[in-house]
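Numbering-wise (the working numbering), the sequence shown opens with residue 7 and increments by one.
Glycine residues also receive a C-beta, built at the ideal position from the N, C-alpha and C atoms.
From a predicted model like this one, the values you see are computed outputs, not experimental measurements.
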Amino acid sequence: MIDAFKSGKYQMIFNTSSSVYLLDRNGKNVGEFPIKLSEKAIVSPSIVQYDSKGDYRLLIADGKTILNLDIDGKPVKGWNNPSLDSPAISSISYLSYSGKDYLNVISSTNHIYFFDRTGKERIKNIAADTAAFNLQLKKGKSLNECVFIGYDSIGNIHTTQPSKENSLKNILPIGGDVGMIVYDNTQHNYITLKNDRLLTLSSKFDVELDFLLPEEMSNEIQVISKDKGWIGFANAAGNHFYIFDLEGRMLDKMPLKGSGKALLIDIDKNGSQELVTGNGKRELMVYKLAD
């Protein structure tokens with residue numbers, strides 16, 4: 007969701023495999039949208055605002071090419087549509103250090119790029135280990151302190167930084183069906199999911215939580231609410247969705263019917279948030295949560 011025109015009215019931005027959409031509250035396309043992509047989209051578009059009073063920029067990974075559009079869907083002047091060595095597998099992240107902007111994106115060969123506002127490489131791209139997958143950015147106080155963290159099927163956590171050699175630590179469950187996210191919390195810094203077992207590790211790799219789940223889950227973990235410490239995941243069959251409190255319990259009335267990406271939002275503006283998820287039939291399900 008974005009207040010694209012800073013009018014207090016929100017629009018929804020999303021992409022299908024072939025196009026990017028910006029819809030108003032009535033479901034109508036905004037400006038030049040939808041934008042047709044030349045390659046199949048595998049990552050979501052990113053919205054960047056360089057400063058609080060600046061215009062929004064929409065950054066889109068179209069295969070190997072990074073597009074930069076204004077909020078009406080028109081190409082931003084001065085942007086040179088940089089090309090990666092292989093298709094992007096991450097959305098574009100915006101970093102700012104010492105007065106310099108860095109637009110960060112990762113390619114499918116695990117090359118990590120940093121571009122400036124014109125699309126020129128700010129620093130030479132760095133290479134993470136090709137065995138690592140699902141690389142995630144953990145922001146630092148400077149660019150050199152930023153860490154890209156991934157994992158592999160034999161239990162290693164891989165770390166890559168702009169100023170250091172790549173490193174790894176063998177501590178995760180083994181298998182190609184393991185899921186892991188890096189969470190901005192020193193107690194539950196690494197959250198892993200394998201079949202019916204949820205495991206969290208601290209920033210020092212101590213086990214903080216080991217929880218047996220009621221059924222086998224898919225390995226995709228979502229952060230539902232950082233403030234509340236809620237994460238979400240679907241079962242392996244794809245028809246149940248769970249919300250788990252990192253204090254060590256499921257929320258009441260779990261599971262919910264649904265699967266896929268979920269969003270916590272106050273739809274009716276009554277001060278209470280609802281959970282929105284899909285049901286696999288091109289329909290959205292909206293739930294009012296008790297907790």
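Using a Cβ distance threshold of 8 angstroms, determine whether the segment 24-41 contacts the segment 83-90, with at least three qualifying pairs required. no
Please work out which residues of its chain come closer than 6 angstroms, Cβ to Cβ, to Thr-206, disregarding the five sequence neighbours upstream and downstream, and give them in chain order. Counting from one through the sequence shown, the residue named residue 206 turns up at place 200. Excluding positions up to five away in sequence, the list reads His-194, Ile-197, Glu-214, Leu-215.
Along the chain, which unbroken stretches of the beta strand (DSSP E) at least 3 residues long are found entirely within the segment 227-288? 228-231, 236-240, 246-251, 265-271, 280-284
Do Asn-225 and Val-184 have their C-beta atoms closer together than 8 angstroms? Taking the first residue of the sequence shown as position 1, residue 225 is located at position 219. Taking the first residue of the sequence shown as position 1, residue 184 is located at position 178. Cβ distance < 8 angstroms, so Asn-225 and Val-184 count as in contact.
Judging by CA-CA distance, which residue of Leu-64, Arg-203, Gly-84, Leu-149 is the nearest neighbour of Ile-77? For the purposes of this step, residue 77 is identified with residue 71 of the sequence shown, where counting begins at 1. Comparing Cα positions, the closest option is Leu-64.
Going by DSSP, what residue range makes up the beta strand (DSSP E) through Val-111? Residue 111 sits at position 105 when you count from the first residue of the sequence shown. First-last of the beta strand (DSSP E) with Val-111: 106-112.
Please report the straight-line C-alpha distance between Ser-3 and Asn-140, rounded to a whole angstrom. In the structure as shown, the chain starts at 7 and stops at 297, and residue 3 therefore has no counterpart that could be examined.
Quick test of your reading: Ile-227 and Leu-252, contact by CB under 8 angstroms. State the CB separation rounded to the nearest angstrom. Here residue 227 corresponds to residue number 221 of the sequence shown, with the count starting at 1. Here residue 252 corresponds to residue number 246 of the sequence shown, with the count starting at 1. Taking the Cβ atoms as the reference, Ile-227 lies roughly 11 angstroms from Leu-252, outside the contact range of under 8 angstroms.
Span of the beta strand (DSSP E) around Met-186: Walking along the sequence shown from the start, residue 186 turns up at place 180. Run containing Met-186: 185-188, per the beta strand (DSSP E) assignment.
What does the alpha-carbon distance come out to for the pair Leu-143 and Leu-174? As a position in the sequence shown, residue 143 is number 137, starting the count at 1. As a position in the sequence shown, residue 174 is number 168, starting the count at 1. One C-alpha to the other measures close to 16 angstroms.
Distance, Leu-270 Cα to Ile-36 Cα: On the sequence shown, residue 36 is found 30 positions in, with the first residue counted as 1. On the sequence shown, residue 270 is found 264 positions in, with the first residue counted as 1. For the record, residue 36 in the displayed sequence is Val; it is not Ile. Roughly 24 angstroms between the two C-alpha positions.
Does Asp-274 pass the burial test, meaning 16 or more other C-beta atoms within 10 Å, or should it be called exposed? As a working mapping, residue 274 is identified with position 268 in the sequence shown. By the neighbour-count rule (16 or more Cβ atoms within 10 Å), Asp-274 is not buried but exposed.
Helix, strand or coil for Gly-149 per DSSP? The residue given as residue 149 occupies position 143 in the sequence shown. For clarity, residue 149 is Leu in the given sequence; the question names Gly instead. Three-state DSSP puts Leu-149 in a helix.
Chain-order list of residues whose beta-carbon lies under 7 angstroms from that of Gly-69 (same chain, five-residue window excluded): Translated into positions along the sequence shown, residue 69 becomes position 63. Result list for Gly-69: Ser-44, Glu-45, Pro-93, in chain order.
Cα-Cα separation, Asn-201 to Thr-192: Counting from 1 along the sequence shown, the entry for residue 201 is found at position 195. Counting from 1 along the sequence shown, the entry for residue 192 is found at position 186. Distance between the alpha carbons of Asn-201 and Thr-192 is about 25 angstroms.
In three-state terms, what does DSSP make of Gln-55? To locate residue 55, count along the sequence shown from 1; it is residue 49. DSSP places Gln-55 in coil when its eight states are reduced to three.
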